[in-house]
Amino acid sequence: MHEDVTVVAGGGGFIGGHLVAHLVDQGRRVRAVDRKPLNEWYQVHGGVDNRTLDLQQVEACRQAVDGAGEVYNLAADMGGMGFIENNKALCMLSVLINTNLLLAGREADVNRYFFASSACVYAADKQVSTDVTALREQDAYPAMPEDGYGWEKLFSERMCRHFREDFGFTTRVARYHNVYGEHGTFDGGREKAPAAICRKVVQAKLSGHHDIEVWGDGEQTRSFMYISDCIDGTSKIMDSDITEPLNLGSSELVSINQLVDIVEEIAGLKMKRTHLLDAPLGVRGRNSDNTLIRKYLDWEPSVSLQEGLERTYRWIHDEVHATAAAV
Ligand code: NAD
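Structure follows, in structure tokens:
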């Protein structure tokens, strides 16, 4: 008989921190595991077995999943385009985390295992236009994912599938599309577009220099999912019978310029934009086709970008101001 411990690998990270909070709210016994020292975790929740372990090591994975009923693997070396385009080997090394967690999870007779995959598994040639056709799950093949990070995600998805097919190990996979919200990275080089833009606008307001650097011409398109939708969708996919990877993303498509427009409106500020044409950009356009998740779960992300950005902006505003006051 298992003790009912739910493990969140990557619990010191952005999505992991929110997932731990959600599981605690549900009354679960939770163990959060991350490589970072505790003082660098985005959120530390009381009543949780918080552990610092490097999950690239199989022995650490064994300790992490000891007595676990469910494991959520959200641990990965990752960041926005600026990070993943320049750190492909580090991104690929996350393959050790998922592989060793699967091995340890199977040994420990874990009941259910979740892997956080990414929209970066999709073939680049299906994302060359800003006027996108939303990506369906089947578009991941024939495979030509994002170099480094995307290949690791696709390989790890398949590893989950083979553990399920060959060993009867229950795995679930979600392909996250750009997640944003409070308690995540907003500076330092790993941040993604929504947080980076909020931070730049807050800093511009604070300094009185109303200039902003935008990566590319700003016409590249994306969808962005607010963190509460990500957590709801992750729980629903984990608890479901759906064995194939499912898109988990918003289908509200915007250009990066429109994203800046929204943040400017929230801040009540107009910025002078400089476009950095040689910055790392990723694909030209990407959206999530939510037909499958609607069909299987009768649900899809629904928090509007306006609403999610208002909350995110407010949080980053307070963080930047607190730091400025401390120096
Ligand atoms: P994050 O960087 O905030 O969290 C990942 C955590 O994993 C970090 O705290 C990091 O310290 C930890 N980690 C890295 N290597 C580790 C190791 N060897 N052992 C233990 N912990 C380790 O990122 P996030 O945004 O919370 O992403 C969570 C998951 O979702 C990742 O797998 C990521 O690839 C995936 N994902 C995120 C997004 C997004 O937009 N945020 C999009 C697609 C997929």
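Sequential numbering of the sequence shown, starting at 0, is according to numbering that gives the first Met the number 0. Note that the Cβ used here is the ideal one computed from N, Cα and C, for glycine as well.
For residue i, the nearest candidate out of the options (CA to CA)
{"i": "E299", "options": "D231, V262 and G267", "result": "D231"}
{"i": "N286", "options": "M224, F82 and G45", "result": "M224"}
{"i": "I315", "options": "A266, Y295 and A278", "result": "A266"}
{"i": "E136", "options": "A20, I292 and H320", "result": "I292"}
{"i": "L258", "options": "K199, V57, I14 and V19", "result": "K199"}
{"i": "T273", "options": "G248, E309, I196 and V282", "result": "I196"}
{"i": "G188", "options": "G15, G78, S239 and V47", "result": "G78"}
{"i": "D277", "options": "D238, G217 and T322", "result": "G217"}
{"i": "R283", "options": "G215, H320 and A139", "result": "G215"}
For residue i, the first and last residue of its enclosing beta strand (DSSP E)
{"i": "N246", "result": "L245 to L247"}
{"i": "T184", "result": "T184 -> no beta strand (DSSP E), and no H or E assigned at all."}
{"i": "A173", "result": "T170 to Y175"}
{"i": "R30", "result": "R28 to D33"}
Residue i in three-state terms, based on DSSP
{"i": "G217", "result": "coil"}
{"i": "E400", "result": "Residue numbering for the chain in the displayed model covers 0 to 326; residue 400 lies beyond these limits and cannot be assessed."}
{"i": "M0", "result": "Low per-residue confidence applies at M0: pLDDT is 44, beneath 50, and the placement is therefore not dependable, though the value from the model is reported in the following sentence. DSSP places M0 in coil when its eight states are reduced to three."}
{"i": "L308", "result": "helix"}
{"i": "G15", "result": "helix"}
{"i": "I241", "result": "coil"}
{"i": "K271", "result": "strand"}
{"i": "G68", "result": "strand"}
{"i": "N85", "result": "coil"}
{"i": "G104", "result": "helix"}
{"i": "A131", "result": "The sequence shown places Val at residue 131, not Ala. Looking at V131 - three-state DSSP - the assignment turns out to be coil, as it is neither helix nor strand."}
{"i": "R313", "result": "helix"}
Residue i: CB within 8 Å of a non-hydrogen atom of the ligand NAD
{"i": "R157", "result": "no"}
{"i": "W314", "result": "no"}
{"i": "K191", "result": "yes"}
{"i": "L275", "result": "no"}
{"i": "N86", "result": "no"}
{"i": "A74", "result": "yes"}
{"i": "H176", "result": "yes"}
{"i": "G15", "result": "yes"}
{"i": "Y225", "result": "no"}
{"i": "L54", "result": "yes"}
Residue range of the alpha helix (DSSP H) that includes residue i
{"i": "D238", "result": "I226 to D238"}
{"i": "Y295", "result": "T290 to L296"}
{"i": "Y112", "result": "Where Y112 is concerned, there is no enclosing alpha helix (DSSP H), although the beta strand (DSSP E) it sits in stretches over R111 to S117."}
{"i": "N38", "result": "Here N38 belongs to no alpha helix (DSSP H), and DSSP marks it neither H nor E."}
- Query: Do the segment 150-169 and the segment 208-228 make contact, defined as three or more Cβ pairs closer than 8 Å?
  - Reply: No contact exists between the segment 150-169 and the segment 208-228.
- Item | Stretch-stretch touch, CB-based, cutoff 8 Å, three pairs: the segment 73-83 with the segment 41-52 | Flag = no, the segment 73-83 and the segment 41-52 do not touch.
- Message: I want to know whether the segment 3-13 touches the segment 29-38 - three or more CB-CB distances under 8 Å.
- Response: The segment 3-13, when compared against the segment 29-38, does touch it at the 8 Å Cβ threshold.
- Are there three or more Cβ pairs, one per stretch, closer than 8 Å when the segment 113-127 is compared with the segment 65-74? Three or more pairs of CB atoms, one per stretch, sit closer than 8 Å, so the segment 113-127 contacts the segment 65-74.
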